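Q: Have a look at this one before I ask anything.
2 protein chains.
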Amino acid sequence: MKTDAPDAEPRPYHHGGLFDALVKVAEDVVRETGIHGFSLRECARRAGVAHSAPGHHFGDITGLLTEVAARGFERLTARMQQHRAGIEGPEALERIARGYVDFALGDPVIFVLMFHSDRVERGSPRCQRAGDAAFGELVSAVASAKGDETRDNDMLRFAWAAIHGIAMLLVDGPLMPAGGNRRGGSGELADGTIRRIVHSVVSYVEPASRG
Amino acid sequence: MKTDAPDAEPRPYHHGGLFDALVKVAEDVVRETGIHGFSLRECARRAGVAHSAPGHHFGDITGLLTEVAARGFERLTARMQQHRAGIEGPEALERIARGYVDFALGDPVIFVLMFHSDRVERGSPRCQRAGDAAFGELVSAVASAKGDETRDNDMLRFAWAAIHGIAMLLVDGPLMPAGGNRRGGSGELADGTIRRIVHSVVSYVEPASRG
DNA sequence: GTGTCTATCTGTCCAATGTCAAGTTAATCT
DNA sequence: AGATTAACTTGACATTGGACAGATAGACAC
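Protein chains in written order, with our numbering: chain A, 52 to 262; chain B, 52 to 262.
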């Protein structure tokens with residue numbers, strides 16, 4: 052690695068892997084400074100390149116943060132798969148949900164970035180595909196929990212909403228009742244909610260008549 | 052020299068109600084430009100005062116946006132009460148949930164601001180109190196739906212998470228399955244989820260043995 | 001009316017940022 | 001080799017948030 056010293060050694064004019072280096076640096080900067088404090092120039096500084104170099108690879112801030120968000124979705128997908136570990140049945144959904152919450156609590160700033168930042172182009176193919184893959188994990192787990200492959204969009208929305216909601220509320224923290232201090236206890240706070248989600252998905256019976 | 056504005060109205064040196072005027076203007080600016088595009092100077096411009104005037108009332112950007120967020124929670128509370136209209140029982144929860152989602156869809160940018168912006172000091176007494184009041188509406192509705200005043204924090208988290216989650220996913224839009232185009236149909240997309248939430252809260256039975 | 005006090009608002013200044021245009025260096029192609 | 005293209009740098013510009021001193025208007029005592 053290069054030294055951080057102001058101008059110690061003559062860096063090569065061409066960085067080599069600046070694209071990837073910038074994305075990794077950007078993740079750190081976002082985590083440290085928050086979405087609002089993020090700056091392209093700070094990323095360039097840490098990567099040891101000129102202040103305008105990021106622009107040539109990503110166009111603008113949105114371009115770089117969109118890539119960060121897309122990789123976030125990929126990591127979310129991987130985390131859920133890892134938690135599920137091939138298991139089927141109701142436990143599949145429970146594990147997927149726990150993976151989702153774990154990811155959110157482990158990387159809260161990037162989790163918020165992925166879903167809510169107006170500096171991310173969520174409609175871009177890159178982001179869309181990564182997001183769809185993550186959603187696919189949930190679809191699969193819900194089907195396995197129901198023991199029924201028919202796709203019930205209402206059910207999927209319900210499950211996703213509840214999982215997403217508990218993750219978001221834990222990440223945002225202060226609104227949780229009775230001292231929601233986020234260190235360590237948060238994961239367990241989600242347990243009851245996750246159990247209820249699974250229970251609802253497994254045991255839900257379509258109401259006889261709906262207006 | 053002023054007269055930068057075309058209107059020849061001789062504004063009084065003292066605005067009179069600049070605090071309130073700035074908050075209202077700020078809400079508009081946030082809605083139009085998004086959280087990222089927001090700027091104090093634009094607010095000052097629209098309020099017809101010097102660019103540094105907002106600083107005297109709010110300190111910095113966070114101060115102003117925190118006030119905007121707090122008023123958002125107050126409007127959310129009012130909206131839920133208005134939807135509920137004094138009704139009791141399971142329908143109370145259904146109506147509260149619908150009010151929550153309505154508010155989110157009607158003012159999506161401010162809804163996101165309230166929960167996720169790092170430019171809002173959510174721990175401030177102003178914000179905390181307004182948020183607690185909103186949460187209180189939910190607590191009351193869940194109790195009414197259960198027909199049981201005992202407070203079940205797990206249940207509350209589940210209900211809030213699910214409601215919050217569906218609102219957030221609808222606001223963020225593009226991740227919804229099967230063309231979640233947000234035009235008009237979003238409210239109905241929430242219906243099935245809300246029905247399931249109410250159903251789960253009303254009919255949930257504590258699992259026999261579990262920690 | 002006159003003078004003083006205080007909150008409110010103005011104008012100026014500074015460092016930092018995003019983005020654009022043009023120059024410089026390295027790698028690749030013919 | 002020479003030419004072409006991609007990667008990166010330098011320099012510049014408009015805009016922002018925030019800090020500051022100073023101007024202004026209204027309230028209040030006399």
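Positions of the beta carbon are idealized from the N, C-alpha and C atoms, including for glycine. Just so we're clear, the structure is a prediction, and the values are computed from it rather than from any experiment.
Could you tell me whether the Cβ of R146(A) comes closer than 7 angstroms to any Cβ of chain B?
A: Counting from one through the first sequence, the residue named residue 146(A) turns up at place 95. No, no contact with chain B.
Q: Which value, in whole angstroms, describes the spacing of the CA atoms of Y255(A) and W211(A)?
A: Here residue 255(A) is taken as the residue at index 204 of the first sequence, counted from 1. Here residue 211(A) is taken as the residue at index 160 of the first sequence, counted from 1. Their Cα atoms are separated by approximately 15 angstroms.
Q: Run through chain B and tell me which residues come within less than 8 angstroms of D111(A), C-beta to C-beta.
A: One-based indexing of the first sequence puts residue 111(A) at position 60. Going along chain B, no residue has its Cβ under 8 angstroms from D111(A), so there is no contact; the nearest lies around 12 angstroms.
Q: L69(B): which of V81(B), V171(B) and G99(B) sits nearest, CA to CA?
A: Start at 1 with the first residue of the second sequence, and residue 69(B) comes out as number 18. It is G99(B).
Q: Tell me whether T128(B) sits in a helix, a strand or coil according to DSSP, three-state version.
A: For this step, residue 128(B) is matched to residue 77 along the second sequence. It is helical.
Q: Shortest alpha-carbon distance to V81(B) belongs to which of E239(B), F109(B) and V119(B)?
A: Position 30 of the second sequence holds residue 81(B). Nearest C-alpha to V81(B): V119(B).
Q: Name, please, each residue of chain A whose Cβ falls closer than 9 angstroms to the Cβ of D205(B).
A: The sequence position of residue 205(B) within the second sequence is 154, counting from 1. The answer, in chain order, is L240, D242, G243, T244, R246 and R247.
Q: Between L73(A) and chain B, is there a C-beta pair that is closer than 7 angstroms?
A: For the purposes of this step, residue 73(A) is taken as residue 22 along the first sequence, with counting starting at 1. So no, L73(A) is outside the interface.
Q: Below 8 angstroms CB to CB, which residues in the same chain sit around G230(B) once its five sequence neighbours on both sides are set aside?
A: Taking the first residue of the second sequence as 1, we reach residue 230(B) at position 179. Legend: pLDDT at G230(B) = 44, less than 50; position of this residue unreliable, no value from coordinates given.
Q: By the three-class DSSP mapping on this structure, what secondary structure does S191(A) have?
A: Taking the first residue of the first sequence as position 1, residue 191(A) is located at position 140. If DSSP states are grouped into helix, strand and coil, S191(A) belongs with the helices.
Q: Which residues in chain B sit within 9 angstroms of M219(A), going by Cβ to Cβ distance?
A: Numbered from its first residue, the first sequence carries residue 219(A) at position 168. The answer, in chain order, is F166, H167, A212, H215, G216 and M219.
Q: Report all residues from its chain with a CB closer than 8 angstroms to the CB of R208(B); omit the five preceding and five following residues, and keep chain order.
A: Reading the second sequence from its first residue, position 157 is the one you call residue 208(B). Counting only Cβ-Cβ distances below 8 angstroms, and skipping sequence neighbours, we find nothing.
Q: Just to confirm, is the Cβ distance from A196(B) to A148(B) under 7 angstroms?
A: Along the second sequence, read from residue 1 onward, the residue named residue 196(B) stands at position 145. Along the second sequence, read from residue 1 onward, the residue named residue 148(B) stands at position 97. Contact flag unset, no.
Q: Name the residue from L116(B), A101(B) and G150(B) whose alpha carbon lies nearest to the alpha carbon of E172(B).
A: For the purposes of this step, residue 172(B) is taken as the residue at position 121 of the second sequence. E172(B) has its Cα closest to that of L116(B), out of L116(B), A101(B) and G150(B).
Q: Under the three-state reduction of DSSP, which class applies to D111(A): helix, strand or coil?
A: Looking up residue 111(A) in the first sequence gives position 60. DSSP places D111(A) in coil when its eight states are reduced to three.
Q: Judging by CA-CA distance, which residue of G224(A), G106(A) and T128(A) is the nearest neighbour of R180(A)?
A: On the first sequence, position 129 is the one that residue 180(A) refers to. Nearest of G224(A), G106(A) and T128(A) to R180(A), Cα basis: T128(A).
Q: Counting only C-beta atoms, is D199(B) closer than 7 angstroms to chain A at any point?
A: For the purposes of this step, residue 199(B) is taken as residue 148 along the second sequence, with counting starting at 1. No, D199(B) does not count as interfacial toward chain A.
Q: What span of residues does the alpha helix (DSSP H) with T201(B) cover, start to end?
A: If you number the second sequence from 1, residue 201(B) lands on position 150. Element bounds for T201(B): n/a, residue is neither H nor E.
Q: Could you tell me whether the Cβ atoms of G216(A) and G216(B) are closer together than 7 angstroms?
A: As a first step, residue 216(A) is located in the first sequence; it is residue number 165 there, counting from the start. As a first step, residue 216(B) is located in the second sequence; it is residue number 165 there, counting from the start. Taking 7 angstroms as the Cβ cut-off, G216(A) and G216(B) qualify as a contacting pair.
Q: Between V163(A) and V222(A), which are expected to be in contact by the criterion C-beta below 8 angstroms, what is the C-beta distance as a whole number of angstroms?
A: By one-based count along the first sequence, residue 163(A) stands at place 112. By one-based count along the first sequence, residue 222(A) stands at place 171. 6 angstroms between Cβ atoms; contact.
Q: I need the boundaries of the alpha helix (DSSP H) containing E83(B), first residue and last residue.
A: For the purposes of this step, residue 83(B) is taken as residue 32 along the second sequence, with counting starting at 1. Start and end: L69 to G88.
Q: State yes or no: is the C-beta of E125(A) within less than 7 angstroms of the C-beta of V249(A)?
A: The residue you call residue 125(A) lines up with position 74 of the first sequence. The residue you call residue 249(A) lines up with position 198 of the first sequence. Cβ distance not < 7 angstroms, so E125(A) and V249(A) don't count as in contact.
Q: Taking F209(B) as the query, report the chain A residues whose CB atoms sit under 8 angstroms from its CB, ordered along the chain.
A: Here residue 209(B) corresponds to residue number 158 of the second sequence, with the count starting at 1. Neighbours of F209(B) on chain A, chain order: A213, I217, G243, T244, R247 and I248.
Q: Taking any Cβ of chain A, which residues in the segment 75 to 99 of chain B have a Cβ under 7 angstroms from it, in chain order?
A: Within the segment 75 to 99 of chain B, the qualifying residues are G85, I86 and H87.
Q: So is D158(A) buried or exposed if we call it buried at 16+ other beta carbons inside 10 Å?
A: In the first sequence, residue 158(A) corresponds to position 107, counting from 1. Classification of D158(A): buried, given that the 10 Å Cβ count is 16 or more.
Q: Throw me the rounded Cβ distance for the G243(A) and D205(B) pair, which I believe falls under 8 angstroms.
A: For the purposes of this step, residue 243(A) is identified with residue 192 of the first sequence, where counting begins at 1. For the purposes of this step, residue 205(B) is identified with residue 154 of the second sequence, where counting begins at 1. 3 angstroms between Cβ atoms; contact.
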